[in-house]
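Just below is one structure, and these are the notes that go with it.
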Amino acid sequence: MLKMKAGDWLILFLGLLLVPLSWSMTQRDPGSTTAIEITAGDQPPVIYPIKNRQRIAVTGELGDSVMEIRDGRVRMLSSPCHGKICILSGWHQHSGDNIVCLPNKVGVSLISNKERFDGINF
Amino acid sequence: MRYRRWVASALFILTALLTACERQSLYRYQSFAFGTLIEIKIRSDNKSLANRASASLFADFDRMHNDWHAWQPGLLTQTSSLLTSGQWFTANSAVLALIKLSKHYSEMSNGLFNPVIGKLIQAWGFQGSEQPRYPPDQNTIDRLLQQLPTMNDVDIEDGRLRGNNSWLQLDLGAIAKGYAVSAGLKKMHGLGIKNALINAGGDLCGIGDQGQRAWRIGIRDPSGEGIIASINLENDECVFTSGDYERYFTHEGKRYHHIIDPRTGYPADQAVSVTVLHKNGALADAASTALFIAGPDDWQQLAKKMAVSDVMMIDKQGRIIMTPSMQKRIKLEPGNKNRIIISKPLT
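Protein sequence lines, in the order shown, are assigned to chains U and R. Residue numbering for the first sequence follows this note's numbering, beginning at 2 and increasing consecutively. Residue numbering for the second sequence follows this note's numbering, beginning at 2 and increasing consecutively.
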């Protein structure tokens, strides 16, 4: 019976290493919000990092909606919709959160590059 | 040599499996309907098919949104108007199936899911894009409760409808999203999509899986602080939550939310949220509302009657009450285990 050589053990070790590595890739840690994705009307969504303090204006069906990003959070600062529900909802910081101004057809989704969940139920 | 062959074979199979996993891509689409942002995720090896399927679903959702809108003039407001006439009329097929199903679920829920109290919801200011500022006065509520219609006031016969209460006003907000999302996934199946997840503003239904695992859903803590639990969708399921935090206003220091108890005319005040897991999105949607209104004392009996077994309720004291079958499915986040109360089996 042939004995395994050092190289064989190395290949076996690397092969076995792939198993926990693959497992860890599917069990990612919860990630904090890293970006926001803004959808306006039928336009393709645009992604902005959440680490940069900035104000973003997008044009919807009724006019401009302005979002503010600060300290890893985002809020709707102004919007031409009547109810202002999106503004009243305040700051959002959790990945999976949404801010929606339906009359203006502007939506903001908070996303993470380490998404632990495929969707958030609330 | 045998070991070398064995190792080489194992690595080859592993590589082949990993390569096979990479063949399908995850496509993501967003659009607006039902007063919220709708997200569709499709895992497929056919981008063109995914594009067509999502576009077709969004067109359907847009049509349903208009047909079933509770206060913008359209099919549903016309139907409400005809119901108040007291005469038989032929219902439009775009609303008939949903009204039939609503009647069935309303009966199952002992009337706690009541989709004909549009006037009461309107009085509270929850119909419209304006944020309500104050509750209706007691006289208004008393007057509406005296005449309060139920689905027993709606007769259905061979595609025709007749209303027996002049205060009937349809508001299908507690079932429309669930019905639409389930119908959407059924259509996806027909189009050849095997794996998809639809997120309609926090209510979700999935078919198939994410690829390496099931669709994994986080359930938001009603306190607003992150996730309270997670659940993996299996065998084409939906997870719907009704909560007092979704839409509300504050008046003189008191918070009023949008889930109105048809028995009192006021927002139901015993629960904070109810989560229902079920294969049928329409039932999950309607049941989460009815069980929320039933509250911690009565929800189990009602859940049994409505044939939903996987339920989680968070009450005003912050207790997490769930059925044994839900306990088997749900994974609570660390730090919540001392809050759990397991209910008796519903059967």
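For glycine and all other residues, C-beta sits at the position ideal for the given N, C-alpha and C.
Next on the checklist: Pop quiz: U/G73 and R/L205 are said to be a contact at Cβ under 8 Å. What is the actual Cβ separation, rounded to whole angstroms?
Outcome noted: Taking the Cβ atoms as the reference, U/G73 lies roughly 25 Å from R/L205, outside the contact range of under 8 Å.
Item to check | Inter-stretch contact (C-beta, 8 Å, three-pair minimum) for the segment 85–105 of chain R and the segment 200–216 of chain R | outcome: no
Next on the checklist: Suppose the cutoff is 6 Å on Cβ atoms and the five residues either side in sequence are ignored; what does the same chain contact list for U/E38 look like?
Outcome noted: Once the five neighbours on either side are set aside, the close Cβ partners of U/E38 are P46, I48, S110 and I112.
Checklist entry - R/P221: buried (16+ other C-beta within 10 angstroms of its C-beta) or exposed? => result Just to set this straight, residue 221 of chain R is Arg in the shown sequence, not Pro. Answer is buried; the Cβ neighbour count reaches 16.
Next on the checklist: Just to make sure I have the definition right: I need the residues of chain U whose C-beta is within less than 8 Å of the C-beta of R/Q211. Which are they?
Outcome noted: D119
Item to check | Contact set between R/W216 and chain U, taken where Cβ atoms lie within less than 8 Å | outcome: D119 and G120
Checklist entry - In terms of DSSP beta bridges, what is R/D68 paired with? => result Per DSSP, none; premise fails for R/D68.
Checklist entry - For R/M152, does the three-state DSSP call read helix, strand or coil? => result helix
Checklist entry - In whole angstroms, what separates the C-alpha of U/G124 from that of R/R134? => result In the structure as shown, chain U begins at 2 and stops at 123. Residue 124 of chain U is therefore absent and cannot be evaluated.
Checklist entry - Would you call the segment 36–50 of chain R and the segment 180–195 of chain R touching, i.e. three or more CB-CB distances under 8 Å? => result yes
Checklist entry - Using DSSP with H/G/I as helix, E/B as strand and the rest coil, what is U/H93? => result strand
Next on the checklist: Could you tell me the alpha carbon to alpha carbon distance between R/Q128 and R/R217, rounded to whole angstroms?
Outcome noted: One C-alpha to the other measures close to 33 Å.
Next on the checklist: I'd like the list of long-range same chain contacts for R/I341, defined as Cβ closer than 6 Å, with 5 residues on each side in sequence excluded.
Outcome noted: I321
Item to check | Burial state of R/D143, where buried means 16 or more other Cβ atoms lie within 10 Å | outcome: Looking at its Cβ environment, which holds fewer than 16 other Cβ atoms inside 10 Å, R/D143 is exposed.
Next on the checklist: Here's a check: name, in chain order, each residue in its chain whose Cβ is nearer than 7 Å to the Cβ of U/S96, leaving out the five neighbours to either side.
Outcome noted: G32, S33, T34, L111, I112, S113 and E116
Checklist entry - In its own chain, which residues sit with a C-beta less than 8 Å from the C-beta of R/I229, not counting the 5 before and 5 after it? => result I220, R221, D222, P223, I315, I321, L333, E334 and N337
Checklist entry - When you compare only the Cα positions, how much space is there between R/S344 and U/L19? => result Rounded to the nearest angstrom, the two C-alpha atoms are 42 Å apart.
Next on the checklist: Can you check which of these residues, R/M323, R/L58, R/Q328 and R/W300, is closest to R/K188 by C-alpha distance?
Outcome noted: R/L58
Item to check | Distance between R/A54 and U/L103 (C-alpha atoms, nearest Å) | outcome: Answer to the nearest angstrom: the Cα atoms are 23 Å apart.
Next on the checklist: According to DSSP, is R/A92 part of a helix, a strand, or is it coil?
Outcome noted: coil
Next on the checklist: Run through the DSSP bridge pairs and tell me what R/G164 is partnered with.
Outcome noted: R/V155
Checklist entry - Are the C-beta atoms of U/S110 and some chain R residue less than 8 Å apart? => result The Cβ of U/S110 sits closer than 8 Å to at least one Cβ of chain R.
Checklist entry - Under the rule that 16 or more other beta-carbon atoms within 10 Å means buried, what is R/N236, buried or exposed? => result Counting Cβ neighbours within 10 Å, R/N236 comes out exposed, since fewer than 16 surround it.
Checklist entry - For R/M1, which residues from the same chain have a beta carbon less than 6 Å from its beta carbon, with the 5 sequence-adjacent residues on both sides left out? => result What the structure shows of chain R is the stretch from 2 to 348, and residue 1 of chain R is not part of that stretch, so it cannot be assessed.
Item to check | chain R contacts from the segment 72–100 of chain U (Cβ-Cβ distance under 7 Å) | outcome: C82, H83, G84, K85, I86, L89, H95, G97 and N99
Checklist entry - Between the Cα of R/Y28 and the Cα atoms of R/E40, R/T290, R/G179 and R/K317, which residue gives the shortest distance? => result R/E40
Next on the checklist: For R/W168 and R/K120, which I take to be in contact (beta-carbon distance under 8 Å), what is that distance rounded to the nearest angstrom?
Outcome noted: Contact between R/W168 and R/K120 is confirmed by a C-beta separation of about 6 Å, below the 8 Å threshold.
Item to check | Extent of the continuous alpha helix (DSSP H) to which U/S79 belongs | outcome: Counting along the chain, U/S79 falls outside any alpha helix (DSSP H), though it belongs to the beta strand (DSSP E) covering R74 to S79.
Checklist entry - Under three-state DSSP, which class holds R/Y180? => result helix
Checklist entry - Name the chain R residues that come within less than 8 Å of U/F14, Cβ to Cβ? => result Going along chain R, no residue has its Cβ under 8 Å from U/F14, so there is no contact; the nearest lies around 10 Å.
Next on the checklist: Are there any heavy atoms of the ligand NAD lying less than 7 Å away from the beta-carbon of U/I48, as far as the coordinates show?
Outcome noted: The ligand content of the structure shown is nil, which means the ligand NAD is not present either.
Item to check | Nearest-angstrom Cα separation, counted from R/R264 out to R/L146 | outcome: 8 Å
Next on the checklist: Contact criterion: CB-CB distance below 8 Å. Does R/E158 meet it with respect to chain U?
Outcome noted: no
Checklist entry - If you draw a straight line from the C-alpha of R/P136 to the C-alpha of U/M77, how long is it? => result 26 Å
Checklist entry - Of the residues that make up the segment 34–55 of chain R, which ones have a beta carbon closer than 7 Å to any beta carbon in chain U? => result G36, T37, L38 and K42
Item to check | Every unbroken alpha helix (DSSP H) inside the segment 72–143 of chain R [4 residues or more] | outcome: Correct list: 76–84, 94–109 and 119–124.
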